[in-house]
Amino acid sequence: MEARHSALCVEGAEDTVKELCAALAETGIILPPLGLDPVSLAREAPCPLVEWGRCSVETARRLAAALR
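All residue numbers for the sequence shown refer to the numbering used here, where the first residue is 123 and numbers rise by one.
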């Protein structure tokens, strides 16, 4: 069960990064590449961080929503 939760957490984080990249592109904002921090994925139960100032996935999600 924990492995499935971890996989869903990583998938959700990847989706959030894609949403944030799309929202930034729509507004014409060009930033360094966004991605998932590999170190935050290296534990048994990953808790992904978005690599761009190392914000949490929730912060990235809220930023994407605010841009839209």
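Glycine is no exception: its CB is placed at the ideal position from the N, C-alpha and C atoms.
All values reported here derive from a predicted model rather than from experimental measurement.
If we count the other Cβ atoms within 10 Å of its Cβ and call it buried at 16 or more, is residue i buried or exposed?
| i | result |
| --- | --- |
| Val161 | exposed |
| Thr138 | buried |
| Arg183 | buried |
| Ala135 | buried |
Need the endpoints of the alpha helix (DSSP H) that residue i sits in, please.
| i | result |
| --- | --- |
| Glu136 | Glu124 to Thr149 |
| Glu180 | Val179 to Leu189 |
Could you check where the beta strand (DSSP E) with residue i kicks off and where it finishes?
| i | result |
| --- | --- |
| Glu173 | Leu171 to Glu173 |
Distance, Cα to Cα, residue i vs residue j?
| i | j | result |
| --- | --- | --- |
| Thr145 | Glu166 | Residue 145 is actually Ala in this sequence, not Thr. The straight-line gap from Cα to Cα measures roughly 31 Å. |
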